[in-house]
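Visitor:
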Amino acid sequence: MKQTLFDKVWDSHVVQSIEKGPDVLFIDRHLIHEVTSPVAFLGLKNRELSVLYPKRTFATADHNTPTINQHLPVADPLSRNQLKALEKNATSHGISYWGLGHEKNGIVHVVGPEYGITQPGATIVCGDSHTSTHGAFGAIAFGIGTSEVEMVLATQCIMQSKPKKMRITINGSLNRGVTPKDVALFIISKLTTSGATGYFVEYAGEVFEQLSMEGRMTVCNLSIEMGARGGMIAPDKKTFEYIKDREFTPKGTDWDKAMKYWKTLFTDEDAIFDEELVFDGSKIDPMITFGTNPGMGMSITKNIPKAENVEGSKSTYKKSLDYMGYAEGESMLGKPIDYVFIGSCTNGRIEDFRAFASIVKGHQKSENVTAWLVPGSHKILEAIKEEGLLEIFNEAQFKLREPGCSACLAMNDDKIPAGKYAVSTSNRNFEGRQGPGARTLLASPLVAAAAAITGKITDPRTLI
Amino acid sequence: MAYDSFKILKSTAVPLPIENVDTDQIIPARFLKATERKGFGDNLFRDWRYNQDDSPKENFILNNSTFSGEILIGGHNFGSGSSREHAAWAVYDYGFRCVISSFFADIFRNNCLNIGVLPVQVSARFLSELFEIIQKKPNTELEVNLPKQTITISTTGSSESFDINDYKKENMLNGYDDIDYLKNIKEDIQKFAQNTPL
Chain A
5 MKQTLFDKVW DSHVVQSIEK GPDVLFIDRH LIHEVTSPVA FLGLKNRELS VLYPKRTFAT
65 ADHNTPTINQ HLPVADPLSR NQLKALEKNA TSHGISYWGL GHEKNGIVHV VGPEYGITQP
125 GATIVCGDSH TSTHGAFGAI AFGIGTSEVE MVLATQCIMQ SKPKKMRITI NGSLNRGVTP
185 KDVALFIISK LTTSGATGYF VEYAGEVFEQ LSMEGRMTVC NLSIEMGARG GMIAPDKKTF
245 EYIKDREFTP KGTDWDKAMK YWKTLFTDED AIFDEELVFD GSKIDPMITF GTNPGMGMSI
305 TKNIPKAENV EGSKSTYKKS LDYMGYAEGE SMLGKPIDYV FIGSCTNGRI EDFRAFASIV
365 KGHQKSENVT AWLVPGSHKI LEAIKEEGLL EIFNEAQFKL REPGCSACLA MNDDKIPAGK
425 YAVSTSNRNF EGRQGPGART LLASPLVAAA AAITGKITDP RTLI
Chain B
1234 MAYDSFKILK STAVPLPIEN VDTDQIIPAR FLKATERKGF GDNLFRDWRY NQDDSPKENF
1294 ILNNSTFSGE ILIGGHNFGS GSSREHAAWA VYDYGFRCVI SSFFADIFRN NCLNIGVLPV
1354 QVSARFLSEL FEIIQKKPNT ELEVNLPKQT ITISTTGSSE SFDINDYKKE NMLNGYDDID
1414 YLKNIKEDIQ KFAQNTPL
């Protein structure tokens, strides 16, 4: 039978199929962090269960960590307590733990690929919806709740019904100034935040083939923002080159054996998808969001749609624009902004900082703008220094912070004040996401850079 | 038993006719710092429910004593965004045992089922009917019947059936969860794991 990439990986991990119920799915690798794991460990304790395969779980601290002075004790007692709980839970169960200050510390979805934990054909879960990032390597990766974290710790399995399959093909090539983030925001604007709910997405076509692994991660990362369980891209030469010789990837004959399997991971010709969508990559512009969910995005040169032309509840749409302080029909270009945030599991990788540097080089940060540059990991922080990007940032009056999730979800002190506008390379513009009352505009690192030096929404193509 | 069993729920309901309610609204990230599962109900819809000085926002539905009950009714695409199970915990801890919408986000739906909150997906037409009748008569009682898989408006008799797979239904009826099941097939899992390279 003709199989999709998704079928091949899913079906090979089914321990048991329950009639009129879910599949019992074996999980190869499990990532945990401080926020969604403590109650799962508590559950284990209450049920007197142990961790079945501790070597298959990896812990890093990221969601709730400060991004300055990481060498000092964490000031907030609740955050400190949560970080301590992760350390205690991980170490007492024999789980590798990359805590604050550890050289391998960083955002869970950034360090997974960096150290080769993420591999093609694997099933990967984490108590975080952006686990879909790892699909860039041809893995089935998705976010789970804390009850499921407990299941994976105790049994290395979860129970889920097999999702439907969608393929999104984008042919052609991207224009100058258009980045993987724009591709993702474009797709979400077409599908809405619920358009792929119930589906697992495969991205195919020339545009994705041309993207770097970092770019593919950005696109897969945002799969959840259109409701998809996850998104994946068939592994190719680029994938294998990226993962080769990383700490947790197979070596020697194990590598050869793995490669043999990985090379079978593609969608067979004539395999059937439940839904197929095709777009033209050359029609995509730099994107920006104007509302309070990631589906409310558009080309940076367009005007905010009128309520009458929008599907769904008009009152919800108007509530959203009111929150943002915008009106229907307005242009986004030239609108003043207060904050810029570069970082997160969406756009906190080295390529994103290179892109940001390419625009700000030789310019100065706008005096009205507060900018937070937060690398996704220590490895990226080091690369920024080694590649000379730090000098460019410093000359342009930008300061670099230490790794973590930071203002993406504003659990730590990196909160955008109420009413302020932030251009963010992160993944969610929900009300209050970046701090109570904060107004978020999602965009690429290039759009963020253009905003950071001009103090307003600016088409980055005018600065390239 | 992992949580209270769910059979038939008769209750009034709280209507929240907003679409795309995301889990950041249900429980904002700054309230996720706990290491135990308690107290989340106090912060359910925190920023829609309270001003920044912690005074209640009078026009928010949870601050309107006219509406109460164990059923929450939300607009299309309820529970999108973050996978935080804390959102389902907050809904449960506040006192809701059932959430009704015309469409649920996947992870939120799963999280609800895993902790004993029943997500009931109804048609868009039935959802509008529910919103309308409850706005007019807030004391309208709904019956959510899990064995029969029906939801009925007691005053009008208007009714609709809803889907739930047999496995999850059995779990909800008995208060079992997936770990109860998985523990019993541990040997199969271990056998499977032997052929799965790390």
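Order-wise, the sequence lines are chains A and B. Its first residue numbered 5, the first sequence is counted upward by one per residue in my numbering. Its first residue numbered 1234, the second sequence is counted upward by one per residue in my numbering. We put the beta carbon where it would ideally sit given N, CA and C, even for glycine.
Which residue spans inside the stretch 357-399 of chain A form an unbroken alpha helix (DSSP H) run of at least 4?
Guide: Segments of the alpha helix (DSSP H) lying fully in the stretch 357-399 of chain A: 382-390, 393-399.
Visitor: Identify the contact partners of Gln1258(B) in chain A, using a Cβ-Cβ distance below 8 Å as the criterion.
Guide: Residues of chain A passing the Cβ test: Phe434, Glu435, Gly436.
Visitor: Are the Cβ atoms of Arg353(A) and Gly392(A) separated by less than 8 Å?
Guide: Contact flag unset, no.
Visitor: Taking buried to mean at least 16 other C-beta atoms within 10 Å of its own C-beta, is Gln1285(B) buried or exposed?
Guide: So Gln1285(B) ends up on the exposed side.
Visitor: When you compare each of Gly147(A), Thr444(A), Phe252(A) to Gly234(A) by their alpha carbons, which one comes out closest?
Guide: It is Gly147(A) whose Cα lies nearest to the Cα of Gly234(A).
Visitor: Please list, in chain order, all residues of the same chain as Leu9(A) whose beta carbon is under 8 Å from its beta carbon, the five residues on each side excluded.
Guide: Same-chain partners within the cutoff: Gly142, Glu206, Met236, Ala238, Leu269, Phe270, Thr271.
Visitor: According to DSSP, simplified to helix, strand and coil, what is Cys1331(B)?
Guide: Strand, per DSSP.
Visitor: Quick check: the stretch 1242-1257 of chain B against the stretch 1373-1380 of chain B, are there 3 or more CB pairs under 8 Å?
Guide: The stretch 1242-1257 of chain B is in contact with the stretch 1373-1380 of chain B.
Visitor: Once the 5 residues before and after Gln74(A) are set aside, which same chain residues still bring their CB inside 7 Å of it?
Guide: Hits under 7 Å: Leu104, Gly105, Glu406.
Visitor: Spatial neighbours of Thr150(A) within its chain, please: CB distance less than 7 Å, with the 5 preceding and 5 following residues excluded, ordered by chain position.
Guide: The residues are Thr40, Val43, Ala44, Gly131.
Visitor: Nearest to Ile192(A) by alpha carbon, out of Asn179(A), Ser165(A), Leu226(A), Glu218(A)?
Guide: When each option's Cα is compared against that of Ile192(A), the closest is Leu226(A).
Visitor: Are the beta-carbon atoms of Ile396(A) and Val373(A) separated by less than 8 Å?
Guide: Not in contact: Ile396(A) and Val373(A) (Cβ atoms no closer than 8 Å).
Visitor: Check the DSSP bridge columns for Gln164(A) and list the partner residues they point to.
Guide: In DSSP, Gln164(A) forms a bridge with Asp27(A).
Visitor: Mind checking the stretch 1271-1298 of chain B against chain A and listing, in chain order, the residues whose C-beta falls within less than 7 Å of any C-beta there?
Guide: Correct list: Asp1280, Gln1285.
Visitor: Are the C-beta of Asn1407(B) and some C-beta of chain A separated by less than 8 Å?
Guide: So, not an interface residue.
Visitor: Would you list the residues sitting across from His34(A) in a DSSP beta bridge?
Guide: His34(A) pairs with Thr61(A), Val129(A).
Visitor: Should Lys1402(B) go down as buried or exposed, given a rule of 16 or more other Cβ atoms within 10 Å for buried?
Guide: So Lys1402(B) counts as buried.
Visitor: Could one say the Cβ of Phe30(A) lies closer than 8 Å to chain B's Cβ atoms, at least one of them?
Guide: Closer than 8 Å: yes.
Visitor: Roughly how many whole angstroms lie between the Cα atoms of Ile99(A) and Glu251(A)?
Guide: Each residue's alpha carbon lies about 16 Å from the other.
Visitor: Could you tell me which residues DSSP puts in a beta bridge with Thr320(A)?
Guide: Partner(s): none; Thr320(A) has no beta bridge.
Visitor: Once DSSP output is grouped into helix, strand and coil, what is the label at Ile1259(B)?
Guide: Three-state DSSP puts Ile1259(B) in a helix.
Visitor: Which whole-angstrom value describes the C-beta separation of Leu1379(B) and Leu1305(B), a residue pair presumed to lie in contact below a C-beta threshold of 8 Å?
Guide: In fact, because the Cβ distance is near 17 Å, the residues do not count as touching under 8 Å.
Visitor: Starting from Tyr343(A), follow its DSSP beta bridges and name the residues at the other end.
Guide: In the DSSP output, where bridge partners are listed per residue, Tyr343(A) has Thr374(A), Ala426(A).
Visitor: Pull out every residue of the stretch 62-80 of chain A whose Cβ sits closer than 9 Å to any Cβ of chain B, in chain order.
Guide: Going along the stretch 62-80 of chain A in chain order, one finds His67, Asn68, Asp80 with a Cβ nearer than 9 Å to chain B.
Visitor: What does DSSP give as the partner residue(s) for Thr1447(B) in the beta ladder?
Guide: Within the shown structure, residues of chain B are numbered from 1234 to 1431, placing residue 1447(B) beyond reach of any answer.
Visitor: Can you say whether Arg1358(B) is buried or exposed, counting buried as having 16 or more other CB atoms within 10 angstroms of its CB?
Guide: Classification for Arg1358(B): exposed.
Visitor: Residues of the stretch 124-143 of chain A with a CB closer than 7 Å to any CB of chain B: list them in chain order, please.
Guide: Listed by position along the chain: Gly131, Asp132, Ser133.
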